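Protein chains in written order, with this note's numbering: chain A, 1 to 96; chain B, 1001 to 1323.
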Amino acid sequence: MREIKIFNTTGSFAENKDKAREIRINFIIPSLEKKEKVILDFEGVDSATQSFIHALISDVIKQKGAGALNNIFFKNCNEIIRKLIEIVTVYMQDSV
Amino acid sequence: MKIHLMNSVWIGNIDPFIRSFDISNEHILEITSHKKWVSVHPVVLCMISALGLFMREHGAKINFEKMEATSKHYFHRMGLFNLLNLDSEMKITPHESAGRFIPIQQIKNSEDLEGFIKEMIPLLHLEPNKVEPIKYIISELVRNVFEHSSSTNGAIVCAQYYKKSNTIRLGVVDTGVGIKDTLQIFYHPRDDLRAIALALTPGVTGTTRKLGGVSEMNAGAGLFFIKSLAKTSRDFFMIYSGKAMYKLLKNPKNKQIKLIADPLEDHYSSDNKLPYWKGTVVAIDLCLNETINFKELLTSIRKVYSEGKKKLIKERYRKPKFI
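Written out as structure tokens, the structure is:
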């Protein structure tokens, strides 16, 4: 199980899509490829944009299928971040 | 090119201001203004700044007629003359700002944007929950400029809080390729208005061929989210790109708010024969009287986004022709 604190990369407002992409490419995908489970810890992140969440996880679902969500855990999400993650995961599963 | 700053220009009455642009001469930008009082939406400051930077970059001169209006200090304070490197001919003693405004900023890259978002919050002197939608809008709009506009001057942004109406008004402007060009490769919009309507439709992005599809970095949701924020707060939202302007009109107070995926089914006005704006202009008003319930809004958006995408895909289905 590998864990990353999103706040350390983004600060309290997670909006930089390039940073989301970095987390995905350098952390999420390599971990999943090693069959490790991933924890994305949003502690300290007050808000995010849909674009950030999209850049963070959409390509994981696209590449690895919806089953990838069985191995990704979203921790310490406030309600807004939770809703945004739900939006992205739903439309991604509609798309794949 | 000639621009005249009228007495009053807000989103609601911006149409005559835009129609009055004279785009015949590309070698000089002449700016004149109402002699007594000029009161404008921040997007107007962004437009003049963006245009001035663009034209100067292309060798044009800027001739800003000395302002006589009593309100001329506002333009100085918002940084218009400074950004365009013009002498305002106003002598103003600098003092600690007590106003609630974000002066005109040129944002060219991701680092600029991150710094800007951090710095702008204290300038507005607002409670954190009221700042959330503003941060959201600015981030999404400015990142659209970086990703889609190919603008060499980045995004020009400014905002103002109006205490009396408890409203934030903000503008984000670029002088890039415009929306029609961005969507041309995959969607072939027939005109600028159709292009704007497509850009506002959930599931349409200029970065993927797949209809209703998503790319690694885009889902075609950003502008729809922002339009939905304006609609929920019963305020104006405007996009002007190429020869077209789309304006979401205020939702009447007695009317229930229902988010609609197709922007052309919303309560809007439009014009498709305006003077050509090379790039994209976005303006929004956001009344803070009732804190937008972001969570509920996101639930509605999720539903409409999904339905809108399905409708979009269905529209492209071809039925077999039986003869």
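We put the beta carbon where it would ideally sit given N, CA and C, even for glycine. Just so it is clear, the structure is predicted and the values come from calculations on it, not from any experiment.
Secondary-structure assignment with DSSP links residue 1271/B through a beta bridge to 1245/B. Sixteen is the threshold: since fewer than 16 other Cβ atoms of the shown chains lie within 10 Å of the Cβ of residue 1109/B, the residue is exposed. When the beta-carbon positions are compared, residue 1071/B and residue 1081/B stay at least 9 Å from each other.
For residue 48/A, the beta-bridge partners assigned by DSSP are 14/A.
A Cβ-Cβ separation of about 40 Å leaves residue 1129/B out of contact with residue 1057/B under the 8 Å criterion. Within the same chain, and ignoring the five residues on either side of residue 78/A in sequence, no residue has its Cβ closer than 6 Å to its Cβ. Of all alpha-carbon atoms in 1133/B, 1065/B, 1026/B, the one lying nearest the alpha-carbon of residue 1228/B is that of 1133/B. Contact check for residue 9/A and residue 19/A: beta-carbon distance about 5 Å, within the 8 Å limit, so the pair qualifies. When only Cα atoms are considered, residue 1066/B and residue 1241/B end up about 29 Å apart.
By the Cβ test, the segment 1041 to 1048 of chain B is in contact with the segment 1166 to 1185 of chain B, since at least three Cβ pairs between them sit closer than 8 Å. Chain-ordered, the chain B residues with CB closer than 8 Å to the CB of residue 21/A read 1216, 1217.
For residue 75/A, the enclosing beta strand (DSSP E) begins and ends at 72 to 75. With 16 or more other Cβ atoms inside 10 Å of its own Cβ, residue 1143/B counts as buried. Residues of the same chain with a CB within less than 7 Å of the CB of residue 1219/B, apart from the 5 flanking positions on each side, are 1205 in chain order. No Cβ of chain B is located within less than 9 Å of the beta carbon of residue 6/A. For residue 1225/B, the residues of chain A that pass the 7 Å Cβ criterion are 50, in the order they occur in the chain. A straight line joining the alpha-carbon of residue 32/A with that of residue 1118/B spans about 33 Å. Here residue 1115/B is exposed: its Cβ has fewer than 16 other Cβ atoms, across all protein chains shown, within 10 Å. By a beta-carbon distance limit of 8 Å, residue 1181/B does not contact residue 1155/B. Their separation comes to about 17 Å.
The C-beta of residue 1310/B comes closer than 9 Å to at least one C-beta of chain A.
In the same chain as residue 71/A, and ignoring 5 residues on each side of it, the C-beta atoms closer than 7 Å to its own belong to 32, 37, 38, in chain order. Under the DSSP assignment, residue 1263/B falls outside any alpha helix (DSSP H); it carries neither an H nor an E label. One thing to note: residue 1031/B has its Cβ within 9 Å of the Cβ of residue 1004/B. Secondary-structure assignment with DSSP links residue 1022/B through a beta bridge to 1002/B.
Judged by beta-carbon spacing, residue 1270/B lies beyond the 9 Å limit of residue 1305/B, meaning their Cβ atoms are not closer than that value. Ranked by Cα distance from residue 34/A, the first of 14/A, 2/A, 90/A is 2/A. For the segment 1101 to 1133 of chain B, the set of residues with a beta-carbon nearer than 7 Å to any beta-carbon of chain A comprises 1110, 1114, 1117, 1132, in chain order. Residue 1233/B is classed as buried because its beta carbon has at least 16 other beta carbons within 10 Å across all chains shown. The DSSP-derived three-state label of residue 1236/B is coil. Residue 1287/B is bridged by DSSP to 1167/B. Around the beta-carbon of residue 1256/B, fewer than 16 other beta-carbon atoms lie within 10 Å, marking it exposed.
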